[in-house]
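Enquirer: Protein chains in written order, with this note's numbering: chain A, 1 to 237; chain B, 1001 to 1161.
First the structure, then my questions, so here it is.
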């Protein structure tokens, strides 16, 4: 136990027997670790010798000084502020807590689901259609010995035609699907494969609704199958 | 688009979000717009059919235009942010410039540059208005209360007895 720590009132009990001089100085807020046997001169004198105490005790560390005198919890800037902190609006960022609806990205509700789902589908449609258009444009016959500029134009035309067609179709389908899916989730309070398949059937039917009853049913069936296999794939992975 | 907004996803993922958001906005808004327009332009008795066919023909295209614009903008925004390591209105202006330029690239470099400058100016106006609004409606930052003075160390007289 260091000198300073004893001075500031350490709570640990002194391991060694208090000497006669220590008893004497204890009342004067001083403490010396000298024992009468080691230094007889100090035990007889009533005034402590600083030179005798200094070499014996180790150098006081900051931990010894502040460990007992200050409570770190009270030094924290937010200590004692209570729950009246109102400059963080945490309600805005609550994550979607519908059971079973967790996906790859954290979602903050149905708008996030709609945006991310539609964006992913639209982008995949764009890439898929772009590849289709690229192949089409690259293999289209352009007469004999077409120039590079002509070929490039053909490829770009194919990409922009097929890419936007696939992207737009899949994107609209994804909007229907995500809206229906979020509505079903909200109504039923949970998310499962049945919800996904019902939403898929509804969106397929709406997408093909202007072509007649039969195509609408076919579209609903195709979408249901796709959603079912996707759910099975997700459960399997 | 808005800066320092932590309710949005971190950068690579926000592109998907923006793509989808812009596409949905364009498609749904286009559905309403062209639905009304198609109904008004159809003869009496054919209004519903005309409205439907107008929606089918035009709403996805509008959604696609919106989506490509928004997604490209978001992609450029992320790239510019990653390159500059800064968040300020210049990000949006630079990415608006690049978006406008790349969308008009097929019409030739001259036209692309004009479109890029136009988009950059548009985004600059948006950002300027945003900054002004921010300044106008900004709430004063609540003064943080200092913690109470730590209580004086109670130093009882040492008595190990």
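In this text, a Cβ means the ideal position worked out from N, Cα and C, and glycines have one as well.
Can you tell me whether residue 1086 (chain B) is helix, strand or coil according to DSSP?
Expert: Here residue 1086 (chain B) refers to the residue found at position 86 of the second chain. Of the three classes helix, strand and coil, the one that applies to residue 1086 (chain B) here is coil, per DSSP.
Enquirer: Note down the Cα distance separating residue 240 (chain A) from residue 223 (chain A), rounded to an integer number of angstroms.
Expert: Outside the modelled stretch of chain A, which goes from 1 to 237, sits residue 240 (chain A), for which no answer is possible.
Enquirer: With distances taken from CA atoms, which of A:171, A:133 and A:206 is nearest residue 252 (chain A)?
Expert: Absent from the structure is residue 252 (chain A), since the part of chain A shown begins at 1 and ends at 237.
Enquirer: Just to confirm, is the Cβ distance from residue 154 (chain A) to residue 137 (chain A) under 8 Å?
Expert: The sequence position of residue 154 (chain A) within the first chain is 154, counting from 1. The sequence position of residue 137 (chain A) within the first chain is 137, counting from 1. Contact flag set, yes.
Enquirer: Does the Cβ-Cβ distance between residue 198 (chain A) and residue 176 (chain A) come in under 8 Å?
Expert: Translated into positions along the first chain, residue 198 (chain A) becomes position 198. Translated into positions along the first chain, residue 176 (chain A) becomes position 176. Not in contact: residue 198 (chain A) and residue 176 (chain A) (Cβ atoms no closer than 8 Å).
Enquirer: State yes or no: is the C-beta of residue 1102 (chain B) within less than 8 Å of the C-beta of residue 1073 (chain B)?
Expert: For the purposes of this step, residue 1102 (chain B) is taken as residue 102 along the second chain, with counting starting at 1. For the purposes of this step, residue 1073 (chain B) is taken as residue 73 along the second chain, with counting starting at 1. For residue 1102 (chain B) and residue 1073 (chain B), no; Cβs fall outside 8 Å.
Enquirer: Run through DSSP, which three-state label would residue 208 (chain A) get?
Expert: Translated into positions along the first chain, residue 208 (chain A) becomes position 208. Here residue 208 (chain A) sits in coil by DSSP.
Enquirer: Please list, in chain order, the chain C residues whose beta carbon lies closer than 7 Å to that of residue 115 (chain A).
Expert: Going by chain labels, chain C is absent from the structure shown, which instead holds the protein chains A and B.
Enquirer: Output yes if chain A places a C-beta closer than 8 Å to the C-beta of residue 1056 (chain B); else output no.
Expert: Taking the second chain and counting its residues from 1, one reaches residue 1056 (chain B) at position 56. It does: the Cβ of residue 1056 (chain B) has a partner Cβ on chain A nearer than 8 Å.
Enquirer: Which residues in the same chain as residue 1121 (chain B) place their Cβ atom closer than 7 Å to its Cβ, once the five residues preceding and following it in sequence are excluded?
Expert: Locating residue 1121 (chain B) in the second chain gives position 121, counting from the first residue. Here the set comprises nothing.
Enquirer: Would you give the residue range spanned by the alpha helix (DSSP H) that residue 1109 (chain B) belongs to?
Expert: Taking the second chain and counting its residues from 1, the one referred to as residue 1109 (chain B) is at position 109. Residue 1109 (chain B) -> alpha helix (DSSP H) spans 1109-1137.
Enquirer: Check whether the segment 161-174 of chain A touches the segment 109-127 of chain A, counting contact only when three or more Cβ pairs, one atom from each stretch, lie closer than 8 Å.
Expert: Contact holds: three or more Cβ-Cβ distances are below 8 Å.
Enquirer: Note down the Cα distance separating residue 1024 (chain B) from residue 164 (chain A), rounded to an integer number of angstroms.
Expert: On the second chain, residue 1024 (chain B) is found 24 positions in, with the first residue counted as 1. On the first chain, residue 164 (chain A) is found 164 positions in, with the first residue counted as 1. Their backbone Cα atoms lie some 15 Å apart in a straight line.
Enquirer: Taking a contact to mean a Cβ-Cβ separation below 8 Å, would you say residue 132 (chain A) touches residue 162 (chain A) in this structure?
Expert: The sequence position of residue 132 (chain A) within the first chain is 132, counting from 1. The sequence position of residue 162 (chain A) within the first chain is 162, counting from 1. The answer is yes: Cβ separation under 8 Å.
Enquirer: Give me the chain B residues within the contact set of residue 123 (chain A), using Cβ-Cβ distance strictly less than 8 Å, ordered along the chain.
Expert: As a position in the first chain, residue 123 (chain A) is number 123, starting the count at 1. Simply 1016, 1019 and 1071.
Enquirer: Hey, out of B:1036, B:1035, B:1076 and B:1106, whose CA is closest to residue 1093 (chain B)'s CA?
Expert: Reading the second chain from its first residue, position 93 is the one you call residue 1093 (chain B). When each option's Cα is compared against that of residue 1093 (chain B), the closest is B:1076.
Enquirer: Report the CB separation of residue 1067 (chain B) from residue 1097 (chain B) in whole angstroms; it is logged as a contact under 8 Å.
Expert: The residue you call residue 1067 (chain B) lines up with position 67 of the second chain. The residue you call residue 1097 (chain B) lines up with position 97 of the second chain. Rounded, the Cβ-Cβ distance is 20 Å, inconsistent with contact.
Enquirer: Are the Cβ atoms of residue 953 (chain B) and residue 1030 (chain B) separated by less than 8 Å?
Expert: This structure cannot speak to residue 953 (chain B), because chain B is shown only from 1001 to 1161.
Enquirer: What's the C-alpha gap between residue 189 (chain A) and residue 233 (chain A)?
Expert: As a first step, residue 189 (chain A) is located in the first chain; it is residue number 189 there, counting from the start. As a first step, residue 233 (chain A) is located in the first chain; it is residue number 233 there, counting from the start. Cα-Cα distance, rounded: 23 Å.
Enquirer: At which residues does the alpha helix (DSSP H) containing residue 114 (chain A) begin and terminate?
Expert: For this step, residue 114 (chain A) is matched to residue 114 along the first chain. Looking at the DSSP string, the run of the alpha helix (DSSP H) that includes residue 114 (chain A) is 110-139.
Enquirer: Can you name, in chain order, every residue of its own chain whose Cβ lies under 6 Å from the Cβ of residue 1010 (chain B), other than the five neighbours on each side?
Expert: Position 10 of the second chain holds residue 1010 (chain B). Cβ within range, chain order: n/a, list empty.
Enquirer: Near residue 110 (chain A), what residues of its chain come up, given a Cβ to Cβ distance below 6 Å and the 5 sequence neighbours on each side ignored?
Expert: Residue 110 (chain A) sits at position 110 when you count from the first residue of the first chain. For residue 110 (chain A), where only same-chain residues beyond five positions count, the Cβ hits under 6 Å are 182.
Enquirer: Helix, strand or coil: which one does DSSP assign to residue 1008 (chain B)?
Expert: Position 8 of the second chain holds residue 1008 (chain B). Three-state result, residue 1008 (chain B): coil.
Enquirer: Under the three-state reduction of DSSP, which class applies to residue 1104 (chain B): helix, strand or coil?
Expert: For the purposes of this step, residue 1104 (chain B) is taken as residue 104 along the second chain, with counting starting at 1. Residue 1104 (chain B) falls in the coil class under three-state DSSP.
Enquirer: Closest by CA to residue 126 (chain A), which one among A:160, A:174 and A:179?
Expert: Mapped onto the first chain, residue 126 (chain A) falls at position 126. For residue 126 (chain A), the nearest C-alpha among the options comes from A:160.
Enquirer: Assign residue 1099 (chain B) to one of two classes, buried (16 or more other C-beta atoms within 10 Å of its C-beta) or exposed (fewer than that).
Expert: Position 99 of the second chain, counted from the first residue, corresponds to residue 1099 (chain B). By the 10 Å Cβ count, residue 1099 (chain B) comes out buried.
Enquirer: Might you give, ordered along the chain, the residues of its own chain that have their beta carbon closer than 8 Å to the beta carbon of residue 156 (chain A), omitting 5 neighbours on each side?
Expert: Position 156 of the first chain holds residue 156 (chain A). Same-chain partners within the cutoff: 137.
Enquirer: Note down the Cα distance separating residue 1123 (chain B) from residue 193 (chain A), rounded to an integer number of angstroms.
Expert: In the second chain, the residue the question calls residue 1123 (chain B) occupies position 123. In the first chain, the residue the question calls residue 193 (chain A) occupies position 193. Cα to Cα, residue 1123 (chain B) sits roughly 43 Å from residue 193 (chain A).
Enquirer: Count the other CB atoms within 10 Å of the CB of residue 42 (chain A); is the residue buried (16 or more) or exposed (fewer)?
Expert: The residue given as residue 42 (chain A) occupies position 42 in the first chain. Unreliable placement is indicated for residue 42 (chain A), whose pLDDT of 46 sits below 50; the coordinate value is still reported in the next sentence. Per the 10 Å Cβ criterion, buried.
Enquirer: Report buried or exposed for residue 11 (chain A), applying the criterion of at least 16 other Cβ atoms within 10 angstroms of its Cβ.
Expert: Here residue 11 (chain A) is taken as the residue at index 11 of the first chain, counted from 1. Its pLDDT being 47, under 50, residue 11 (chain A) is placed unreliably by the model, and the measurement read from it follows with that caveat. Under this definition residue 11 (chain A) is an exposed residue.
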